[in-house]
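*Asks:* Have a look at this one before I ask anything.
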Amino acid sequence: MAMDPTGFSESIYNLIPRDWKEPPQHPRYVEKIFDRNEPKKPPVPLRTDHPVMGIQSEKNFINTNAADVIMGVAKKPKPIYVDKRTGDKHDLETSGLIPKYINKKVALGLKKNWEEVHKEFQSLSVFIDSIPKRMRKQKLEGEMKQLEHDIGVIEKHKIIYIANK
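Heads up, the sequence shown is in my numbering, so the first residue is 16 and it goes up one at a time.
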């Protein structure tokens with residue numbers, strides 16, 4: 016053991032507290048207590064035993080499957096996008112091209128715009144006596160009608176494709 020300048024010996028045992036105990040060791044295996052009242056599993060069949068043959072079902076699986084397919088609802092194809100002329104197809108949902116929250120955000124923005132235009136429309140005077148007032152009223156009505164149409168389109172269709180021109 017080496018002594019440091021302060022006079023204490025450098026030993027790992029000096030770092031361990033005196034009341035420290037070893038952690039308990041867990042057993043390597045767990046004993047299972049067998050219960051005699053527990054029912055036994057059936058024995059493994061012998062090599063000479065053969066399965067029972069000749070048991071037939073009255074159900075016609077081909078006809079029932081065909082009827083289920085004909086009467087069932089058709090699956091909707093997964094949305095995909097093609098990135099090359101050769102036809103490399105990729106999943107549209109996982110591509111990151113259409114965030115799921117964007118439709119809700121656009122619809123909320125359109126509704127907010129409609130409310131602002133509607134509030135402005137309501138603040139117009141009841142008696143319209145001049146041509147500029149009439150033109151303003153017609154312009155606001157046109158804006159409200161267009162916003163209502165856009166809101167309806169966005170809420171009606173789940174996926175909207177925008178073509179680049």
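All C-beta atoms, glycine included, are put in the ideal place defined by N, C-alpha and C.
Would you call Leu61 buried or exposed, if buried means 16 or more other Cβ atoms sit within 10 Å of its Cβ?
*Replies:* Taking the sequence shown and counting its residues from 1, one reaches residue 61 at position 46. Exposed, by the Cβ-count rule.
*Asks:* Out of Leu107, Ile166 and Ser138, which one is the CA nearest neighbour of Leu123?
*Replies:* Working through the sequence shown from its first residue, we reach residue 123 at position 108. Out of Leu107, Ile166 and Ser138, Ile166 has the C-alpha closest to the C-alpha of Leu123.
*Asks:* What residue does the alpha helix (DSSP H) around Val84 start on, and which one ends it?
*Replies:* Here residue 84 corresponds to residue number 69 of the sequence shown, with the count starting at 1. Unbroken alpha helix (DSSP H) run through Val84: Phe76 to Met86.
*Asks:* For the candidate residues Lys99, His105, Asn80 and Lys134, whose alpha-carbon lies nearest to that of Pro92?
*Replies:* By one-based count along the sequence shown, residue 92 stands at place 77. The residue with the shortest Cα to Cα distance from Pro92 is His105.
*Asks:* Is it the case that the Cβ atoms of Ile95 and Leu125 are separated by a distance below 8 Å?
*Replies:* Position 80 of the sequence shown, counting from 1, holds the residue named residue 95. Position 110 of the sequence shown, counting from 1, holds the residue named residue 125. Result no, Cβ atoms of Ile95 and Leu125 do not sit closer than 8 Å.
*Asks:* Check whether the segment 157 to 165 touches the segment 126 to 142, taking contact to mean three or more Cβ pairs, one atom from each stretch, closer than 8 Å.
*Replies:* Result yes; three or more Cβ-Cβ pairs closer than 8 Å.
*Asks:* Of the choices Ile117, Leu139 and Thr63, whose alpha-carbon is the least far from that of Tyr176?
*Replies:* Here residue 176 refers to the residue found at position 161 of the sequence shown. The residue with the shortest Cα to Cα distance from Tyr176 is Ile117.
*Asks:* When the distance is taken between beta carbons, is Ser138 closer than 8 Å to Lys148?
*Replies:* Working through the sequence shown from its first residue, we reach residue 148 at position 133. Working through the sequence shown from its first residue, we reach residue 138 at position 123. No, the Cβ-Cβ distance between Lys148 and Ser138 is not below 8 Å.
*Asks:* Glu108 to Lys120, Cα distance in whole Å?
*Replies:* As a first step, residue 108 is located in the sequence shown; it is residue number 93 there, counting from the start. As a first step, residue 120 is located in the sequence shown; it is residue number 105 there, counting from the start. Taking the straight line joining both Cα atoms gives about 18 Å.
*Asks:* Per DSSP, what kind of secondary structure is Asp106 in: helix, strand or coil?
*Replies:* Within the sequence shown, numbered from 1, the residue matching residue 106 stands at position 91. Correct three-state label for Asp106: strand.
*Asks:* Provide the residue span of the alpha helix (DSSP H) that contains Val141, from first to last.
*Replies:* Counted from its first residue, the sequence shown places residue 141 at position 126. Segment: none, Val141 is in no alpha helix (DSSP H) and carries neither H nor E.
*Asks:* Under a three-way DSSP split, which group does Val132 fall into?
*Replies:* For the purposes of this step, residue 132 is taken as the residue at position 117 of the sequence shown. It is helical.
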